[in-house]
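One structure is given here, and the rest of the page talks about it.
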Amino acid sequence: MSLTILGLSGALTHDPSAALYIDGRLVAAAEEERFVRDKHAKNRMPYEAAKFCLAFAGIRPRDVDVVAIPFAPIAITEKARWHYAKRYWYAPDRGLDAIVLGNRRFHRYKKRIEWCLAQLGFDLRKVRIEAVEHHLAHASSAYHCSGFTEKTAIMGIDGKGEYATTFFGYGENGRIHKIKEFYDPDSLGGLYGAITEYLGFEMLDGEYKVMGMAPYGDPSRYDFSRLAKFEHGELVINTDYANVIGLRRYKEQGKGYYFSPKLIDWLGPMRHGDIADDPYIHYAASMQKLFEDLALQMMDYYLGDILRETGRLAFAGGGALNVKLNQKIIARPEVKELFVQPASGDSGTAVGAASYVSVQRGVAVEKMEHVYLGPRYTNEDVIAACTRHPARPQWQRLEDGDAAVPRRIAKILADGHPVAWFQGRMEFGPRALGGRSILGCPSAPGVADRINEQIKFRERWRPFCPSMLDTVGPQMLQTDHPAPFMTFTFEVAEEWKTRVPEVVHEDGTSRAQVLRREFNPRYYDLMKELETLTGNGVVLNTSLNRRGEPMICSPTDALDMFFGSDLQYLVMEDVLVTKDDVG
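Just so you know, we're using this note's numbering here: the sequence shown kicks off at 583 and counts up by one.
As structure tokens, this is what we get:
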């Protein structure tokens, strides 16, 4: 008997997404932001993403057995709501609301999901909606997609779900067991987000910028230990400074932040602008160190015995995108392998909820080995987009595309030019992995600065990442640990720091994608051609978008970006688009 499950996220008013499992196989998954061209798609439902998933699979709403959502009601008898009310004593209206109307957000979300389903053509009298606790969805997205067959430690760190902020548990024989949860406001992810705001970035979007800024600073310059502590098995955030609500929030120009005026009194004014300067680089370094130290302490306390037993860890939640923490985890002698859900943030909970329901119904899900799960476009689609575009792009179709495209693009890269690379199915999750990428030659001096300043228009101190052949990974990264998703950083071997300097960060590390050919043959062949030309089977890879925009989805999106930047070359499938001043 067939089992079709549609997962829909968007409970927390950001990052709505859809994922479709058919008989345990993840057929399609996509984020709403890519279709509606609104980063994080705040306050939207995953209508376009769900419509794509159904259309790609060639199924109708009546063919879906279950709609799984990653948000569930929390009983008044559980301590989560009481913990929230007690810890936010200084905002009694919020505390009372949590106790009396604690599931109001769930009911509001469910109504919006039902509205979305009705728009998609579902019969609400017949559709079955199953709610999965938010952190169980994160846990499932990591454990059930990891492919681990041994007993597996599971960790989840994010801002918060219903009330939980942190999850420790284990998976065994397909079942997930909770060991410990922490509840709002005791959130390490929330604290990182609050400091992200203080450092002048958007929460939910700028945490990786703080992580990128941290290597420029000295974590010993400022002691951030007053902000949070982990003692006797409990995490406590100091809400005198951060993770604050109501009247305790610092306000500037009418906007309230998740930190208090007391933080300003201690550290000075908020950072503004694009410059990574003193003392803010040191604040970033101190926050990163505190995050790593506390996360590792909690992991040791709750998961240490399991890790020493089997060495397997599955990790999800927004905190799992902190690649510097992941580097420290992999370095632990008791950790044999770490699987980080590539869409660790809330968009990945669509996969998590659907996979959880699938396993609950007796259908195991496949290991997640790639994220090429979004739309794909044909050469005919690309040519039609070029024909319709008001900029009247000049294009040529590269004949014998499978061989010609990698060879031609590798030559352009080796000559020092960045290239917009649009091939195959769009990636699911925040990382460009050779589907919707801007590429550069990592040995070409200045190519990273050029992409930052003239193409992506982002902060000059932001690092770029490498994609590399699986034959290169062990040499350059000095490890055989799998790294298909750019979810880890690694120390780069000394020789390679000078061979590919444009993809090595200030601290000598790289956040790498190590590619096996079977998952993206054309991208792999491009790197082989580049290896022939330069001696290095490595390419600089960043997402195909401009600052503040979602990653590109369609050929029209790509053309809009191409003509709104200094890019000179765009290749979409077998079609090469160039600007007038390029021969």
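Yeah, the Cβ is synthetic: ideal placement off N, Cα and C, and Gly gets one too.
Counting C-beta pairs with one atom in each stretch, the region 761 to 773 and the region 865 to 884 have three or more that are closer than 8 Å, which means they touch. A925 sits away from A650, with the two beta carbons spaced by 7 Å or more. Checking the DSSP bridge columns, you'll see E1111 has no partner listed.
Taking 7 Å as the cut-off, the Cβ atoms of S591 and T931 count as close.
When the alpha-carbon of Y959 is set against those of D1142, R616, D645, F1004, the nearest one is in F1004. The Cβ atoms of K910 and E874 lie closer than 7 Å to each other. Taking 7 Å as the cut-off, the Cβ atoms of G901 and D1107 do not count as close.
S1092 is bridged by DSSP to F1072. Under the DSSP assignment, L1021 falls outside any alpha helix (DSSP H), being part of the beta strand (DSSP E) whose first and last residues are 1018 to 1022.
Cβ neighbours of Q1095 within its own chain (closer than 8 Å, five residues either side excluded): R1013, L1015, G1016, C1047, P1048, S1049, M1050, A1065, P1066, F1067, M1068, N1123.
Between K906 and M795, the C-beta gap is not smaller than 7 Å, which leaves the two residues out of contact. Taking 8 Å as the upper bound for CB-CB distance, Q942 and A724 are not in contact here, some 16 Å apart. CA-to-CA, the gap between D1052 and I736 works out to about 27 Å.
For P975, same chain residues with a beta-carbon under 7 Å away, outside a window of 5 residues either side, are C968, L1141, V1159 in chain order. Going by DSSP, L920 is part of the beta strand (DSSP E) stretching over 919 to 922.
Its chain contains Y774, I777, V792, F806 as the residues whose beta carbon lies nearer than 7 Å to that of M869, once the 5 sequence neighbours on both sides are disregarded; these appear in chain order. Less than 7 Å divides the Cβ of D800 from the Cβ of H864. E615 is classed as buried because its beta carbon has at least 16 other beta carbons within 10 Å across all chains shown. Listed in chain order, the non-local C-beta contacts of A639 below 7 Å within the same chain comprise L602, I604, V609, A610, local neighbours out to five positions each way being set aside. Taken atom to atom, the span from the alpha-carbon of R669 to that of H689 is near 24 Å. Per DSSP, the beta bridge partners of E816 are E813.
Across the structure, L1059 and V646 are spaced so that their CA atoms are roughly 43 Å apart. Along the length of the region 729 to 817, whole beta strand (DSSP E) runs at least 3 residues long occupy 734 to 739, 746 to 754, 757 to 765, 810 to 813, reported in chain order.
Membership of Y884 in the alpha helix (DSSP H) is indicated by the continuous run 862 to 892. CA-to-CA, the gap between A946 and S940 works out to about 7 Å. When V1153, C727, L895 are compared, the shortest CA-CA separation from E951 is found for C727. Under the criterion of beta carbons closer than 8 Å, Y823 and K844 qualify as touching, at roughly 6 Å. In the three-state reduction of the DSSP assignment, K949 falls in the coil class. Note on geometry: alpha-carbon atoms of R686 and R676 lie some 12 Å from one another.
Per the DSSP secondary-structure output, F1004 pairs in a beta bridge with R1018, M1154. Beta-bridge partners assigned by DSSP to K833: G838.
Beta bridge pairing from DSSP links A898 with G738.
Judged by DSSP in its simplified three-state form, T1138 adopts helix. When secondary structure is reduced to three states using DSSP, P1048 falls in the strand class. S599 is not a Cβ neighbour of P643, given a cutoff of 7 Å.
Inter-residue distance for Y839 and L809 is about 16 Å (C-alpha atoms, whole angstroms).
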